[in-house]
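Colleague:
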Amino acid sequence: MRYCFALDLIDDPASIAEYEKYHEKLRPEIEESIRSAGITEMEIYRIGNRLFMIMETDDSFSFEKKAAMDAANPEVQEWEALMWTYQQALPMAKPGEKWMLLDNIFTL
């Protein structure tokens, strides 16, 4: 399956540069957490302060499984807290909602 998400960064060039630096070489424990959840590929794109993430998964992936794995992993919790210092919710997000799943409206 392919899933696409959006999220905003705090609109500050220095902050955005720091955020990108963290993603140049992902922490091994974070990469392992992503892969062990059934995520086979992940890409993040940016325009301005808007992020788009494309995630490819295998049949073992579920959002519930990933959430449970993340909640039980202190390294992932630390990473998420750090990343949230650079991120901000989309204007239409509910309280506490971060990456928002995009609806596919066209496929060629």
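Going by our numbering, the sequence shown opens with residue 764, and the numbers climb by one from there. Beta carbons: idealized from backbone N, C-alpha and C, even for Gly. As the structure is a prediction and not an experimental result, all values here were calculated from the model.
1) Run the CB neighbour count on residue 862, radius 10 Å, all protein chains shown included, and call it buried at 16 or more, exposed below.
2) So, for residue 906: in the same chain, excluding its five sequence neighbours on each side, which residues have a beta-carbon less than 6 Å away from its beta-carbon?
3) If you reduce the DSSP assignment to three classes, tell me which class residue 705 lands in.
4) To which residues of the same chain is residue 767 closer than 8 Å at the C-beta, ignoring the five residues directly before and after it?
5) At the level of alpha carbons, what is the spacing between residue 779 and residue 870?
Modeller: Result, derived from the coordinates:
1) Here residue 862 refers to the residue found at position 99 of the sequence shown. Label assigned to residue 862: buried.
2) Since the displayed the chain opens at 764 and closes at 871, residue 906 lies outside it and no answer follows.
3) An answer regarding residue 705 cannot be provided, because it is not within the stretch 764 to 871 covered by the chain.
4) Reading the sequence shown from its first residue, position 4 is the one you call residue 767. These residues qualify, in order along the chain: 815, 816, 817, 818, 864, 865, 867.
5) Position 16 of the sequence shown, counting from 1, holds the residue named residue 779. Position 107 of the sequence shown, counting from 1, holds the residue named residue 870. Each residue's alpha carbon lies about 31 Å from the other.
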